[in-house]
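Here's the structure, in structure tokens; my notes come after.
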Amino acid sequence: MAYGTIDDNAGDDHTTRSDEGFRGAQVCSLVGITYRQLDYWARTGLLRPSITDATGSGSQRRYSYRDVLELKVIKRLLDAGLKLQQARQAVECLRGDLGADLASSQLVLAGSRSVLAQSDGEVVDLLAGGQGVFNILPLSGVVSELEAAIVEIREAAPAERPHRHPAADYLASAKAVER
Numbered sequence: 010m011a012y013g014t015i016d017d018n019a020g021d022d023h024t025t026r027s028d029e030g031f032r033g034a035q036v037c038s039l040v041g042i043t044y045r046q047l048d049y050w051a052r053t054g055l056l057r058p059s060i061t062d063a064t065g066s067g068s069q070r071r072y073s074y075r076d077v078l079e080l081k082v083i084k085r086l087l088d089a090g091l092k093l094q095q096a097r098q099a100v101e102c103l104r105g106d107l108g109a110d111l112a113s114s115q116l117v118l119a120g121s122r123s124v125l126a127q128s129d130g131e132v133v134d135l136l137a138g139g140q141g142v143f144n145i146l147p148l149s150g151v152v153s154e155l156e157a158a159i160v161e162i163r164e165a166a167p168a169e170r171p172h173r174h175p176a177a178d179y180l181a182s183a184k185a186v187e188r
């Protein structure tokens, strides 16, 4: 099932419906992070936007559905107590050979150790580390939460119009007053 996976094919049906992707502010709202966090994660390579990366001052990053899903998983890992470096390692492993199906997987956290428990009974050690108390982090809710948040944002936001410089808006309103 490609829908809801963290592999390269994940969310293809979503990116084709919305070729422009998600802007930074939308991503922050969907994931529950600050723009500063999003910017830092992109600059450090934790997750670079797959549609459009920043190319300089004034450029906008555009994130795919899969990007937003990965960011939501990263946020969940951080909320569960993993350090950013540990979350980075876990996500890199999930991106790699696993192609983990997020809708039917659970992450089991034991201190600094993370294990992915998949629905078929397979258990994969994501990080090496010490022992600790287990904290089970179900990932099945990530996909449904993201879907609901996307619907909410799209219903609440007016249709996007091309970005105009504030000076252009001022000149247009000044010309209208002169007439």
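Going by our numbering, the first residue of the sequence shown is number 10, and it counts up by one from there.
The beta carbon of each residue, even a glycine, is placed where N, CA and C say it ideally should be.
Keep in mind it's a predicted model, so treat the numbers as computed, not measured.
Same chain only: Cβ atoms within 6 Å of residue i, ignoring 5 sequence neighbours per side
i	result
arginine 97	Leu55
cysteine 37	Tyr44 and Leu47
Residues of its chain near residue i, where Cβ-Cβ distance is below 8 Å and the 5 sequence neighbours each way are ignored
i	result
proline 51	The residue you asked about is not proline; residue 51 is alanine in the sequence shown. If we look at alanine 51 and ignore the five residues flanking it on each side, its Cβ neighbours are Arg57, Pro58, Asp62, Ala63 and Arg70.
Cα-Cα separation, residue i to residue j
i	j	result
arginine 163	leucine 80	19 Å
glutamate 6	alanine 166	Lying before the first or after the last residue shown, residue 6 is absent from the chain, which here runs from 10 to 188.
tyrosine 74	lysine 92	24 Å
aspartate 88	valine 82	10 Å
isoleucine 42	alanine 158	14 Å
alanine 34	tyrosine 44	7 Å
phenylalanine 31	aspartate 76	9 Å
valine 160	isoleucine 60	20 Å
glutamine 95	threonine 53	14 Å
glycine 65	glycine 90	34 Å
alanine 49	serine 68	Correcting the residue type first, residue 49 is tyrosine in the shown sequence and not alanine. Whole-angstrom Cα-Cα distance: 16 Å.
Reduced DSSP secondary structure (H/G/I, E/B, other) of residue i
i	result
phenylalanine 143	For phenylalanine 143, the predicted model reports a pLDDT of 45, less than 50, meaning its position is unreliable; a value from the coordinates is still stated below. Strand, per DSSP.
arginine 71	strand
arginine 205	Outside the displayed range of the chain (10 to 188) lies residue 205, so it cannot be described from this structure.
arginine 26	Because arginine 26 carries a pLDDT of 41, less than 50, the predicted location of this residue cannot be relied on, and the following value inherits that uncertainty. Note: arginine 26 maps to helix in three-state DSSP.
Contacting residues, own chain, Cβ-Cβ under 7 Å from residue i (five flanking each side not counted)
i	result
glutamate 29	Arg71
Nearest residue (CA-CA) to residue i, options the options
i	options	result
leucine 8	Glu161, Val100, Ser68 and Tyr49	Nothing can be reported for residue 8: it is not among the residues displayed for the chain, which extend from 10 to 188.
serine 153	Ala34, Val40 and Gly90	Val40
alanine 151	Arg85, Gln95 and Ser66	Note on residue identity: the sequence assigns valine, not alanine, to residue 151. Among Arg85, Gln95 and Ser66, the Cα nearest to that of valine 151 belongs to Arg85.
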